[in-house]
Amino acid sequence: MSSDPQELTPSPGPAEVRPSEPAQSGGRRRSSEAPLVEPWREVLLRLAVTLPIDDELSQITQQFIDGLASILPLAAVGACIVTGPQATPLVISRLPTGSVPGIGRDPTRLFPWLDDERIFDLEDGAVGSTFHLGAVSAALNPLQVQIAEQAALVLSSSLRKARAYARAQDSARSMQKLQAQVIQSEKLASLGQIVAGVVHELNNPLTSIIAYADYLKRKAATRPPEEAADDLERLRRIGEAAARILNFSRDLVTYARPSVDVPGAILAQNVLEKALVFCEHEFAESKTIVQREYDATLPPVRGIAGQLTQVFVNLFTNAAHAMAPEGGLLHVVAHHDVRSGTLTVEVTDSGSGIDPADMPQIFEPFFTTKTEGRGTGLGLSIVRGIVDAHGGTIQCQSTLGSGTTFTLTLPLAAIVPSVGPPAD
Ligand code: ADP
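Going letter by letter, the sequence shown gives residues 38 to 461 in this note's numbering.
Right, here's the structure in full:
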């Protein structure tokens, strides 16, 4: 038989007619020291350039095995590729036409029923990947083994490039997400500054409204009660509404300001109420009805008020976003246990619930099922970061279609006189 590879495709006969070496079942090799004769090198080179590196490892391996099977039509060829630390290895093999698989016991072999099988380590970046060549009849001859050794190098190199390409793609995707996030954060930061400016502008007129409402109330009070009652009620409402806007806008500025606070004794109900006020527009839009159930007296927790407010703003916003168009219920429960020294807050909504398949990822940064612009996927990862930093815990239970409960525990502040009055 000639050593011209053209004559060997598709299947004219064995690759080499020289006398066979003794069978070396299960022999494991790395690479050949002897250079392969020129026509075969060119055949393998051609195979190498046709292998895509931007494809799945399975497709690259399949294409390689098919290509090699046409070069070594009488041999059994296969590969066992480790795709990840926990993943089941990918096995792709091909027997010559007419050959049927048998039974054998050696688990390290792909063709355990054959007399002769060589195993080559593929140093493609994953320890344990191997390339296998088996002799269907008699033993493998030296040229077949030499071709297989070089072929293993071709596969190694293609898999290594494919793994590097996939890593680069992953990094590029993370980078894009990060860039989008930075842009979004910058937008929010500048929005924070605009809000601070708007609040500043609102301050003076609101203070005037409150002062004039007060003045008119005092003036109306001098009239006979039956004449003044309606006006007094209207003026009371004007004053109350203006005071509410003033408080809300001041809280908003405090919330938007970067947190430089140190932990102190915080009253959870104040934090919860502030977060509920911030989310009022979300509740109105989503037709969410809020129910509260707090212990009559809740001892303070140790924490940073701004950060804890953010935790509940994020949880309440998610609850509102999860509601069906006709709306639903948000139930906020806060109770404490002096013996375990913890305060527990349960935030339960009657919204869409979370798909069990999504559950392991909800606290991951950038995981979102919301449409672009509505969710960044950062809310719950921020929540968990803050709760962890406060020495607390957070758990989620959800039933798809009926709702979700987030349960938070926070350590109670030690009742030590030096802590002073609650900071909030
Ligand atoms: P985002 O709200 O920006 O999507 P989050 O980290 O806050 O990011 O939430 C991640 C995902 O968790 C949401 O996209 C949603 O799929 C799910 N999720 C969180 N809270 C709820 C909830 N109360 N009800 C249903 N799904 C929720």
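Even for Gly, the Cβ is constructed at its ideal location relative to N, Cα and C. As the structure is a computational prediction, the values presented were derived from the model and not from experiment.
Per DSSP, cross-strand counterpart(s) of residue i
i: Gly115; result: Ser130 and His169
i: Glu330; result: Val370
i: Leu445; result: Val382 and Ile431
i: Ala302; result: Arg339
i: Gly365; result: Thr325
i: Gly440; result: Thr436
Among the options, the one whose alpha carbon lies nearest that of residue i
i: Leu127; options: Val370, Val119 and Gln216; result: Val119
i: Arg131; options: Asp143, Gly121 and Cys117; result: Cys117
i: Val173; options: Arg200, Gly135, Arg197 and Glu186; result: Gly135
i: Ile184; options: Ala163, Thr408, Ala342 and Val80; result: Val80
i: Gly365; options: Ala371, Ile140, Arg376 and Ser387; result: Ser387
i: Ser439; options: Ile431, Leu367 and His169; result: Leu367
i: His358; options: Arg255, Ile391 and Leu177; result: Ile391
i: Pro362; options: Arg376, Ser377, Val370 and Glu319; result: Glu319
i: Leu304; options: Ala342, Gln328, Ala312 and His427; result: Ala342
i: Pro242; options: Arg260, Asn355 and Ala280; result: Ala280
i: Gly115; options: Ser166, Lys256, Ala312 and Val86; result: Ser166
i: Leu94; options: Ala217, Asn240 and Arg197; result: Arg197
i: His427; options: Thr379, Asp251 and Leu253; result: Thr379
i: Leu215; options: Leu415, Ala175 and Asn240; result: Leu415
i: Arg376; options: Ala451, Val236 and Val137; result: Ala451
i: Leu199; options: Leu105, Thr98, Pro261 and Leu111; result: The sequence given here has Ala at residue 199, not Leu. Ranking the options by Cα distance to Ala199, first place goes to Thr98.
i: Ala189; options: Leu82, Val236 and Pro110; result: Leu82
i: Val290; options: Ile431, Pro262 and Leu239; result: Leu239
i: Val308; options: Val299, Val338 and Val327; result: Val338
i: Tyr495; options: Leu272, Pro261 and Pro262; result: This structure cannot speak to residue 495, because the chain is shown only from 38 to 461.
i: Ala356; options: Val369, Gln344 and Arg204; result: Val369
i: Ser389; options: Arg411, Lys407, Met360 and Phe404; result: Met360
i: Glu270; options: Pro261, Leu449, Gln344 and Lys254; result: Lys254
i: Gln100; options: Pro110, Leu109 and Leu84; result: Leu84
i: Leu105; options: Gly121, Pro122 and Arg78; result: Arg78
i: Phe403; options: Ala203, Gly171 and Met212; result: Met212
i: Leu111; options: Arg204, Ser227, Pro262 and Leu151; result: Leu151
i: Gly429; options: Val327, Gly340, Leu177 and Ile231; result: Gly340
i: Pro393; options: Cys433, Leu449 and Thr408; result: Cys433
Cβ neighbour criterion (16 or more within 10 Å) applied to residue i
i: Thr441; result: buried
i: Glu154; result: buried
i: Ile102; result: buried
i: Gln206; result: exposed
i: Glu58; result: Caution is warranted here: a pLDDT of 38 is assigned to Glu58, below 50, making its placement in the model unreliable, and no coordinate value can be reported.
i: Ile140; result: exposed
i: Lys256; result: exposed
i: His373; result: buried
i: Gly234; result: exposed
i: Lys311; result: buried
i: Ser435; result: buried
i: Gln465; result: What is shown of the chain runs 38 to 461, which leaves residue 465 out entirely.
i: Ala124; result: exposed
i: Ala258; result: exposed
i: Thr413; result: buried
i: Ala209; result: exposed
i: Thr354; result: buried
i: Gln187; result: buried
i: His237; result: exposed
i: Ser68; result: Per-residue confidence for Ser68 stands at a pLDDT of 46, beneath the threshold of 50, marking its modelled position as unreliable; the derived number appears in the next sentence. With fewer than 16 Cβ atoms within 10 Å of its Cβ, Ser68 is classed as exposed.
i: Ala217; result: exposed
i: Gln344; result: buried
i: Gly171; result: buried
i: Val137; result: exposed
Distance cut-off 7 Å: residue i Cβ against heavy atoms of the ligand SAH
i: Ile391; result: Summarising the ligand content, the structure contains the ligand ADP and does not contain the ligand SAH.
Interface flag, residue i vs chain C, CB-CB below 8 Å
i: Arg204; result: Among the protein chains of the structure shown there is no chain C, as only one such chain exists.
Spell out a yes or no on whether the region 343 to 352 and the region 414 to 422 are touching, meaning 3 or more CB-CB pairs, one atom from each, closer than 8 Å.
Contact holds between the region 343 to 352 and the region 414 to 422, because three or more Cβ pairs, one in each stretch, are under 8 Å apart.
Counting Cβ pairs, one atom from each stretch, are 3 or more of them under 8 Å apart for the region 328 to 335 and the region 390 to 404?
With the rule of 3 Cβ pairs closer than 8 Å, the region 328 to 335 does not count as touching the region 390 to 404.
Any 3 or more C-beta pairs closer than 8 Å across the region 376 to 385 and the region 440 to 450
These segments touch.
Any contact of the region 263 to 270 with the region 223 to 230, i.e. 3+ C-beta pairs under 8 Å?
With a cut-off of 8 Å, the region 223 to 230 and the region 263 to 270 do not count as touching, because too few Cβ pairs lie within range.
Cβ contact (3+ pairs, closer than 8 Å) linking the region 143 to 160 and the region 87 to 97
Verdict: no, contact absent.
Do the region 274 to 289 and the region 322 to 329 make contact, defined as three or more Cβ pairs closer than 8 Å?
Contact between the region 274 to 289 and the region 322 to 329 is absent, with fewer than three C-beta pairs closer than 8 Å.
Between the region 158 to 165 and the region 191 to 211, do three or more beta carbon pairs fall short of 8 Å?
The answer is yes - the region 191 to 211 touches the region 158 to 165, with three or more Cβ pairs under 8 Å.
Kindly confirm or deny that the region 238 to 247 and the region 268 to 280 touch, where touching means at least three C-beta pairs closer than 8 Å.
By the Cβ test, the region 238 to 247 is in contact with the region 268 to 280, since at least three Cβ pairs between them sit closer than 8 Å.
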